[in-house]
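Student: For the sequence shown, the working numbering gives the first residue as 6, with consecutive numbering after it.
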Amino acid sequence: MTTGALVDIPDRYALSNELHARPFPDLAPPCRAAFIAIMDPVAGAERDRSKDLTHLIKLLDRYGAPHPAPGANQHSCALGRGVLKWEQHTEFVTYTIFGDGAAETPFDAQIYGLFPREWLAEAPGNILTSCLVRVELCEGWDEILKRLENDVQKWFVPESLAMASVVDGSGLIAGDFRIDEQGHVRFAVLAPASISGRRLGRIVQRLLEIETYKAASMLTLPLARQISRRVAGLNGALSDLVSRMARQEGSDVDTLNALLEMSAEIEVLLTSSAFRFGAAGAYEAIVHQRIEVLREERVASRQTFAEFMNRRYDPAMRTCRSAKERLEELANRAEQAANLLRTRVDVASATQNVGVLRRMDERAALQLRLQETVEGLSVGASSYYAVNLAVNVLKPFGAQLGLGEASVYALVTPPVALLVWAAVRRVRRRLDQSSGDDG
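1. Would you mind stating whether Ser-175 and Ala-198 have Cβ atoms separated by less than 9 Å?
2. Return the chain-ordered list of same chain residues with a C-beta closer than 7 Å to the C-beta of Pro-111, the five sequence neighbours on each side being excluded.
3. Does the count of Cβ pairs from the stretch 162-172 and the stretch 295-309 closer than 8 Å reach three?
4. Could you tell me the boundaries of the beta strand (DSSP E) in which Ala-108 lies?
5. Taking a contact to mean a Cβ-Cβ separation below 9 Å, would you say Ala-339 touches Ile-271 in this structure?
6. At which residues does the beta strand (DSSP E) containing Ala-39 begin and terminate?
7. Which residues does DSSP list as the beta-bridge partners of Ser-4?
8. Spatial neighbours of Leu-335 within its chain, please: C-beta separation below 8 Å, excluding the five flanking residues on both sides.
9. Pick from Ala-48, Met-267, Val-47, Ile-43: whose alpha carbon is nearest that of His-60?
10. Does DSSP classify Ser-306 as helix, strand or coil?
11. Pick from Thr-134, Leu-125, Ile-200: whose alpha carbon is nearest that of Leu-32?
12. Straight-line CA distance for Met-6 to Val-12?
13. Can you give the Cα-Cα distance for Pro-420 and Arg-368, rounded to whole angstroms?
14. Would you list the residues sitting across from Lys-90 in a DSSP beta bridge?
15. Could you check what DSSP says for Phe-192 in three-state terms: helix, strand or coil?
16. Under 8 Å by Cβ, that's how I've got Glu-216 and Cys-136 pegged, so tell me the actual separation to the nearest angstrom.
17. Taking Gly-87 as the reference, give the member of Gly-106, Gly-286, Asp-113, Arg-435 with the closest Cα.
18. Looking at the secondary structure, which residues open and close the alpha helix (DSSP H) in which Asp-16 lies?
19. Does the beta carbon of Arg-37 fall short of 8 Å from some heavy atom of the ligand COA?
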């Protein structure tokens with residue numbers, strides 16, 4: 006809290022301390038490092054992180070080392086003859102042990118023995134990558150170039166070897182990104198005596214980060230290849246479906262069912278791969294950023310780390326991006342096909358509705374004619390009964406006037422029929438007006 010009148014935003018101190026949570030190690034040549042990244046292959050991001058902490062504490066207890074603070078994501082302490090640095094990441098957890106001095110036999114993995122075999126066997130995950138780093142002390146660049154010619158090029162596979170002068174000539178890095186017979190990726194750093202401990206620590210840390218995030222991003226490649234094969238099959242099936250729609254083959258119901266099944270599978274592919282593709286893009290960006298900050302300069306006409314990645318690593322990442330783009334394009338095509346089918350069904354439905362309305366008009370006209378016919382019959386029937394009734398009433402008066410029954414019928418029928426017709430017309434007119442008001 007800055008003043009008594011103001012309250013800090015939530016997690017202000019935690020967010021500020023996050024910027025300083027992972028300091029670079031302070032190293033002095035000669036030295037060495039053993040590194041391992043452990044990842045749950047099924048649920049890396051959703052893993053139970055308490056298992057990572059439990060596994061770390063088992064290692065610390067073996068050496069009587071202090072435990073991390075509650076809820077910590079990183080921890081550093083002395084561990085036997087070395088210094089341990091432990092970090093939790095989104096999908097994996099990393100252990101790095103730094104030791105003084107360089108082994109007589111290059112990359113003999115003696116320092117890796119600080120990770121007990123039985124402890125490794127209990128790890129809550131599998132090995133994502135494992136590295137050994139050898140840091141040698143050289144008097145100056147003349148000795149560095151001499152060691153490069155005599156030793157460094159013998160430690161690595163020539164075809165894959167990448168090396169460079171880094172951080173404005175502060176040292177030389179080398180590696181081939183190959184897994185050796187002991188299961189480790191190896192890096193060498195030749196450092197002059199003038200290099201500072203923090204600068205050397207940054208160089209080593211960035212080498213380990215390049216390998217770690219490279220390995221994490223490469224996890225997407227098998228998934229990308231699998232999705233590419235499936236997308237190719239779905240793409241052909243969708244093209245056939247759209248062609249049948251264009252030729253108006255098959256029923257709309259069958260077409261809709263096939264399209265729904267295809268769209269559901271595409272949605273499953275999108276959902277199941279979204280995190281992996283996103284993680285690959287983020288890890289790739291970190292790899293290139295870590296190489297960029299090393300500020301490489303070419304040495305002895307050898308390829309730099311950036312050139313190695315451009316030749317070997319970037320094509321794999323382009324494959325991943327291509328698979329993602331093709332899957333998204335397929336999803337868009339399926340949506341467009343659904344829209345076409347929807348339009349086709351709407352047009353067919355509108356045409357059918359027009360036919361129904363036409364038939365309704367025809368039936369209404371027929372009903373009108375029938376109504377007029379019935380109206381005429383009803384006028385005749387009503388007139389018949391009304392005439393008989395009137396004749397029965399007027400017959401005595403006709404006899405007094407000397408008129409016979411036939412004459413009475415003849416005189417009564419026309420006016421009675423006219424009155425009946427007028428009455429029926431009036432009733433019909435009122436019914437029509439009532440129907441119009443209701444509409």
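Note that beta-carbon positions come from the ideal geometry of N, C-alpha and C, so glycine has one too.
Tutor: If we stick to the structure as given:
1. Against a cut-off of 9 Å, the Cβ pair of Ala-198 and Ser-175 comes out as no contact.
2. Arg-139, Trp-160
3. With the rule of 3 Cβ pairs closer than 8 Å, the stretch 162-172 counts as touching the stretch 295-309.
4. For Ala-108, no beta strand (DSSP E) encloses it, and the DSSP letter there is neither H nor E.
5. yes
6. 36-44
7. Given a span of 6 to 444 for the chain in the structure shown, any question on residue 4 remains unanswerable.
8. Val-236, Leu-239, Asn-240, Leu-243, Ile-271
9. Ranking Ala-48, Met-267, Val-47, Ile-43 by Cα distance to His-60 puts Ile-43 first.
10. In the structure shown, Ser-306 sits in coil (DSSP, three-state: anything other than H, G, I, E or B).
11. Ile-200
12. Confidence in Met-6 is poor, its pLDDT being 48 and thus under 50, which makes the residue's placement too unreliable to answer from.
13. 35 Å
14. In the DSSP output, where bridge partners are listed per residue, Lys-90 has Ser-81, Thr-101.
15. strand
16. 6 Å
17. Gly-106
18. In the DSSP assignment, Asp-16 falls outside any alpha helix (DSSP H), carrying neither H nor E.
19. Looking for the ligand COA in the displayed structure turns up nothing, as the structure carries no ligands at all.
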